[in-house]
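Notes to accompany the following structure.
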């Protein structure tokens with residue numbers, strides 16, 4: 001990831017400088033500005049430290065790979081979020097608490113080996129440990145955001161868990177019986193609402209395929225806009241809804 005200097009000025013206390021940098025957010029494609037405090041006695045020293053900061057930031061964003069563990073990648077992702085200067089310190093603290101929940105179950109998994117079944121197991125284990133569904137949702141959203149970042153910087157293959165016809169989340173309910181599968185029907189709208197009416201047959205094929213692999217006789221498969229109720233090995237019923245985390249509400 002490339003960082004560009006947008007300004008350097010002396011601020012507040014003596015020997016304190018503020019460096020303004022910009023970079024393109026790999027997820028949104030937007031230009032993001034960040035502000036960094038540098039300690040230096042002269043402008044020339046401040047410029048050298050700014051240039052070193054840029055090299056360090058670019059090096060860190062380029063050292064990630066699919067061989068990293070989920071724990072290592074989450075640390076790198078949250079460092080990126082914090083140093084980008086785009087979120088508040090309290091938000092960072094909340095993210096790190098959620099990352100600890102993720103890493104308690106998935107931390108030692110190699111990023112390139114992370115699978116939907118492992119995510120399913122994590123959500124099931126959280127439910128078994130007494131976490132409420134709303135408590136599950138926050139760390140899952142953070143993991144999903146981190147995986148989108150991994151795809152944007154080419155650590156994971158694009159479409160691993162995002163995009164039309166791609167399952168991106170499986171979780172059991174509190175009793176461990178029903179299985180919900182969330183799928184974004186269109187990766188380009190940003191709101192989870194498809195540009196076109198979703199293809200019923202495509203979703204039915206996905207749902208039936210999942211049912212056959214899971215060896216379950218009956219389950220609910222849930223999409224951001226479309227719910228598919230599996231009623232047999234070859235038949236599925238479709239209905240619209242908005243909230244993928246509350247499909248029966």
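In the UniProt record's numbering, the protein residues as written are 1 to 249.
Where is the CB? At the ideal position from N, CA and C, for every residue including glycine.
Secondary structure of residue 19 (DSSP, three-state): strand. The C-beta distance from residue 78 to residue 95 rounds to 6 angstroms, short enough to meet the 8 angstroms contact threshold. Taking a C-beta distance under 8 angstroms as the contact criterion, residue 125 and residue 71 do not qualify as a contact pair. In the DSSP assignment, residue 109 falls outside any beta strand (DSSP E) and carries neither an H nor an E. When the five nearest sequence neighbours on each side are left out, the beta carbons in the same chain lying within less than 6 angstroms of the beta carbon of residue 49 are those of 38, 40, in order along the chain. Between residue 46 and residue 8, the beta carbon gap of about 6 angstroms places them in contact (Cβ cut-off 8 angstroms).
The Cβ atoms of residue 74 and residue 99 sit closer than 8 angstroms to each other.
Straight-line measurement puts the Cα of residue 81 at about 28 angstroms from the Cα of residue 44. Between residue 55 and residue 102, the CB-CB gap reaches or exceeds 8 angstroms. The alpha-carbon of residue 118 is positioned some 30 angstroms away from that of residue 89. Residue state for residue 3 is assigned as strand, using DSSP reduced to three classes.
Closest in C-alpha terms to residue 2, from the list 53, 19, 12, 23, comes 23. Taking the Cα positions, residue 57 is about 21 angstroms away from residue 93. With 16 or more other Cβ atoms inside 10 Å of its own Cβ, residue 149 counts as buried. Cβ neighbours of residue 34 within its own chain (closer than 8 angstroms, five residues either side excluded): 20, 21, 22, 23, 83, 84, 85, 86. In its chain, beyond the 5 residues on either side, 18 have a beta carbon closer than 6 angstroms to the beta carbon of residue 11.
Counted as a single uninterrupted DSSP element, the stretch harbouring residue 11 is not any alpha helix (DSSP H), since DSSP gives it neither H nor E.
Beta-carbon to beta-carbon, residue 106 and residue 68 are separated by about 12 angstroms, too far to satisfy the 8 angstroms threshold. Straight-line spacing of the CA atoms in residue 129 and residue 52 works out to 45 angstroms.
In this chain, residue 35 is not harboured by any alpha helix (DSSP H); it is covered by the beta strand (DSSP E) spanning 31-39. Going by DSSP, residue 68 is part of no alpha helix (DSSP H) at all; its letter is neither H nor E. When 146, 147, 32 are compared, the shortest CA-CA separation from residue 6 is found for 32.
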